Amino acid sequence: MNLTKQIYSLLIVDDDAVIRRVLSAYLKKKGYRVLCAENGSEALAMLEHSSVDIVILDIIMPGMDGLTALAKMRNEFDIPVLIITTDDEKETVKQAFLNGADDYLLKPFTPQDLCERIEALQTLVPPEEEAPIITSGDLSLNLVTGQIQIGNHLTNLSDAETRLLHYFMQNPDRQLSFEELLLAGWRRHRENTTAEEEMVKLAINHLRQKIEPGTEPPIHLPLMNGDGFLFHPVE
């Protein structure tokens, strides 16, 4: 079960700052993540360090042109590439496809035209691996995104809260000590300080507020007498 829709990352490569700005703003409103580069060299450098699903590549650019950049991309990356250009010469179109282009869109075009081409290329993008999700009672925890699902409600957890809740869900109805929780949530061994206990207590209170806001007394993380806390799954 996926809790979130796959979000595609696009790289727009065009030396025209206005085109980059307009397309970037439009595509972000459509739900895409967008990166921009102004030439082929910059695009290749960004691909080395950024996660990109689809490249939108102009041909006529100063420095490294689009056709040269495309050939280099094909040698190093397996990413769909959409060419956008004013060049409609048959030889240019042919060379673009020989260099590995997946589609070719002539300027000027409408943003809707571009979106339709991008949506078609999305079929070439491998789906994200389903994030590991564990379920206990009425709670489902996505270990990658840190989202907890309670019924139809989604709540985001911090990294420490995610690790804590994961440990609780692995040990239902068992009283867990401060030492265990400190190690699970912060990967630290207990030094018997008041600050450590307060840090754990504060994180537990935050979890209670996110899991069962307004519920008194709390059910999933009931108040405990003595040293430790307990997680109780609710069917």
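Those letters in the sequence shown? Residues 1217 to 1451, by the working numbering. Beta carbons are placed, not taken as given, at the ideal position from N, Cα and C, and that holds for glycine. It should be emphasised that the depicted structure is a prediction, and the values quoted were computed from it without experimental measurement.
Query: Take Glu1292 and list the residues in its own chain whose beta-carbon comes closer than 6 Å to its own, dropping the five residues that flank it on each side.; Result: none
Query: Which two residues bound the contiguous alpha helix (DSSP H) that contains Asp1329?; Result: Pro1327 to Leu1337
Query: Closest to His1382 by CA distance: which of Arg1237, Thr1431, Ile1420 and Thr1301 is it?; Result: Ile1420
Query: Curious, which full-length beta strand (DSSP E) runs of at least 3 residues does the region 1357-1382 contain?; Result: 1363-1366 and 1369-1372
Query: Just how far apart, CA to CA, sit His1265 and Ser1225?; Result: 13 Å
Query: On the DSSP bridge assignment, give the partners of Asp1319 in chain order.; Result: Leu1298
Query: Have a look at Leu1283 and Leu1330 and give me their C-alpha separation to the nearest angstrom.; Result: 19 Å
Query: What is the DSSP secondary structure of Val1341, counted as helix, strand or coil?; Result: coil
Query: In the DSSP assignment, the alpha helix (DSSP H) including Thr1351 goes from what residue to what residue?; Result: Looking at the DSSP string, Thr1351 is not in any alpha helix (DSSP H); the run it does join, the beta strand (DSSP E), is Ile1349 to Ser1352.
Query: On a CA-only basis, which of Leu1355, Glu1395, Phe1447 and Ile1272 is nearest Leu1437? Give me that one, please.; Result: Phe1447
Query: Going by the beta-carbon positions, is the gap between Ala1400 and Arg1424 smaller than 8 Å?; Result: no
Query: Report yes if the C-beta distance between Arg1333 and Gly1316 is below 8 Å; otherwise report no.; Result: no
Query: Can you tell me the Cα-Cα spacing of Val1229 and Thr1361, whole angstroms?; Result: 30 Å
Query: Return the chain-ordered list of same chain residues with a C-beta closer than 8 Å to the C-beta of Phe1394, the five sequence neighbours on each side being excluded.; Result: Arg1406, Glu1412, Glu1413, Val1416, Asp1443 and Gly1444
Query: Tell me whether Ser1267 is buried or exposed, calling it buried when 16 or more other Cβ atoms sit within 10 Å of its Cβ.; Result: exposed
Query: By the DSSP assignment, the alpha helix (DSSP H) with Ser1240 in it spans what residues?; Result: Ala1233 to Lys1245
Query: Near Glu1428, what residues of its chain come up, given a Cβ to Cβ distance below 7 Å and the 5 sequence neighbours on each side ignored?; Result: Pro1434, Ile1435 and His1436
Query: Going along the chain, which residues of its own chain have a beta-carbon closer than 7 Å to the beta-carbon of Leu1243, five neighbours each way excluded?; Result: Leu1226 and Val1250
Query: Just to confirm, are Ile1276 and Leu1298 a CB contact at a threshold of 8 Å?; Result: no
Query: Could you check which residue in Ala1312, Pro1343, Ile1364 and Pro1342 has the C-alpha nearest to that of Ser1352?; Result: Ile1364
Query: Sort out for me which residues DSSP pairs Ser1225 with in a bridge.; Result: Arg1249
Query: Could you give the DSSP three-state label for Asn1218: helix, strand or coil?; Result: Low confidence applies here, because Asn1218 scores a pLDDT of 39, under 50, leaving its location unreliable; read the following figure in that light. Three-state result, Asn1218: coil.
Query: Exposed or buried, which one is Arg1236 when buried takes at least 16 other CB atoms within 10 Å?; Result: buried
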